[in-house]
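2 protein chains.
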Amino acid sequence: MKLFGYWRSSAAYRVRIALHLKDIDCQAVPVHLVRNGGEQHSEAYTALNPTHLVPTLIDETVDGNLVLSQSMAILDYLDNKYPQPALYPESLYAKAQVQALALDIACEVHPVTNLRVQQYLVNTLGVEDEDKLSWSHHWMSVGFTAFEETLQKVSGKYCYGDHVTIADLCLVPQVYNANRFKVDMSAFPLINAIVERCNQLPAFIKALPENQDDAIL
Amino acid sequence: MKLFGYWRSSAAYRVRIALHLKDIDCQAVPVHLVRNGGEQHSEAYTALNPTHLVPTLIDETVDGNLVLSQSMAILDYLDNKYPQPALYPESLYAKAQVQALALDIACEVHPVTNLRVQQYLVNTLGVEDEDKLSWSHHWMSVGFTAFEETLQKVSGKYCYGDHVTIADLCLVPQVYNANRFKVDMSAFPLINAIVERCNQLPAFIKALPENQDDAIL
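Residue numbers (UniProt numbering), protein chains in the order written: chain A, 1 to 217; chain B, 1 to 217.
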């Protein structure tokens, strides 16, 4: 397997955690999102992934090679192909709740604060740097506020009970991003405690942006 | 079952199509997204769904009632509980590709052009109406361009081969929205043909915004 990603992309970061949790052998192929106007826009990359977004997974064990985009689809694919440890609880009810939590980050927070959205705000709408920062802070705070409220009902050691699920795989990279952008996280004690607990696990440590070969520190 | 939604919400529209495809009995509970400052912000609604977003599904057949948010989690829940007709193809490979297509809309287009994002652009950033419209046009065009390119490889009568999948359930409401906002759709012949074909099916017709009880025409 090959994962085309970028050390700071939180969508790629989610997938890296799953690969390490499941101990799947996978070669990282860096796609630098800023250098040369963004390598995700190159002809070679868009032939693989026409959305110009990372990550892309290539599974060469599949006949004709599977080329797959969208981190949440990649996570489900990996979870179906390598079921242990599972990214979801077993019951239909619990599974749906965990998926909803994961999507609260993957749909509502991440895409709205993504690099290309920030670039459009500045380059096309002429938004000032300060307002661009407030934009990211706003959507992250809105997202975390709802997330924290749900955690009060369903969390244990991790987002949903006492096992790591796909919800933790989405939360941790988003909080990493939030800290990088200096979002005030003081109103989210459950989120902070869960992220701290996750970040003590080997799979989460190995997946950290600064531990990737393409990290620029 | 009860579905809290809004006639024009494309996330609710996706779920309505699935309910009709699978012939699931479900009561519609309207949440007016604009009236009274937005009924999705009411105390009664946010107690059910702290994200202040529609839709929310309540499944009263589950012990203690299942309260579920996030349309993509709701769709998978319904598909697991009522497997026929299936929203995904069977093979792992094809399933992942269909999921990625659906998420190309559900993650990359819809949240970025959502009502609350438009409200923030105008009310907080002071963006002019014309720029707000260009914003929506831009993200829809970017999303449809990638989608059309993928369809060239995988589409048949519908987005993926000759059966309706979750990708069609995401595409049709997004195109409905695009037409409402007068996005130029001339560069997307495959998308247009598939949407036209879907819109001849009873489930898609019943789910149309203008066919809902809370529609204001």
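Every residue gets a Cβ at the ideal spot worked out from N, C-alpha and C, and that includes glycine.
- Boundaries of the alpha helix (DSSP H) around P173/A: I166 to R180.
- Measuring C-alpha to C-alpha distances from I24/A to each of C198/A, Y82/A and F181/A identifies Y82/A as the nearest.
- According to the DSSP assignment, K2/B belongs to the beta strand (DSSP E) that extends over K2 to G5.
- The beta-carbon distance between S71/A and V15/A, rounded to whole angstroms, is 5 Å. This is short enough to meet the 8 Å contact definition.
- Counting only runs of at least 3 residues, the UniProt domain "GST N-terminal" (1-86) of chain B fully encloses the following beta strand (DSSP E) elements, listed from N- to C-terminal order: 2-5, 27-30, 56-59 and 66-69.
- The three-state reading of DSSP puts G161/B in strand, counting E and B together.
- Proximity to E149/B across D131/A, T51/A, L19/A and W135/A peaks at T51/A, based on C-alpha coordinates.
- Between the beta-carbon of I17/B and that of L171/B there is about 11 Å, and that puts the pair past the 8 Å contact cut.
- One alpha carbon belongs to A102/B, the other to H137/B, and they sit about 19 Å apart.
- No Cβ-Cβ contact shorter than 8 Å links D76/A with L66/A.
- Against chain B, the CB of T61/A has no partner CB under 8 Å away; the residue lies outside that interface.
- Using a 10 angstroms sphere on the CB of G64/A, the tally of other CB atoms stays under 16, which defines it as exposed.
- Between A178/A and chain B, the shortest Cβ-Cβ separation is not below 8 Å.
- Collapsing the DSSP output to three states places S155/B in a strand.
- Q212/B does not reach chain A, its nearest Cβ partner there being about 23 Å away, counting only Cβ pairs nearer than 9 Å.
- Here the segment 194-209 of chain A does not lie against the segment 28-36 of chain A, with fewer than 3 beta-carbon pairs under 8 Å apart.
- Taking 8 Å as the threshold, the shortest C-beta distance from S42/A to chain B does not fall below it.
- Within the same chain, N199 and N211 come within 8 Å of I205/A by CB-CB distance, once the 5 residues on both sides are set aside.
- Comparing C-alpha distances from Q97/A to each of I191/B, L78/B, E130/B and L115/B shows the shortest one belongs to L78/B.
- Contact with chain B is found for P111/A, since one of that chain's Cβ atoms lies less than 8 Å from the residue's Cβ.
- Just so you know, the alpha carbons of I216/A and A44/B end up roughly 48 Å apart.
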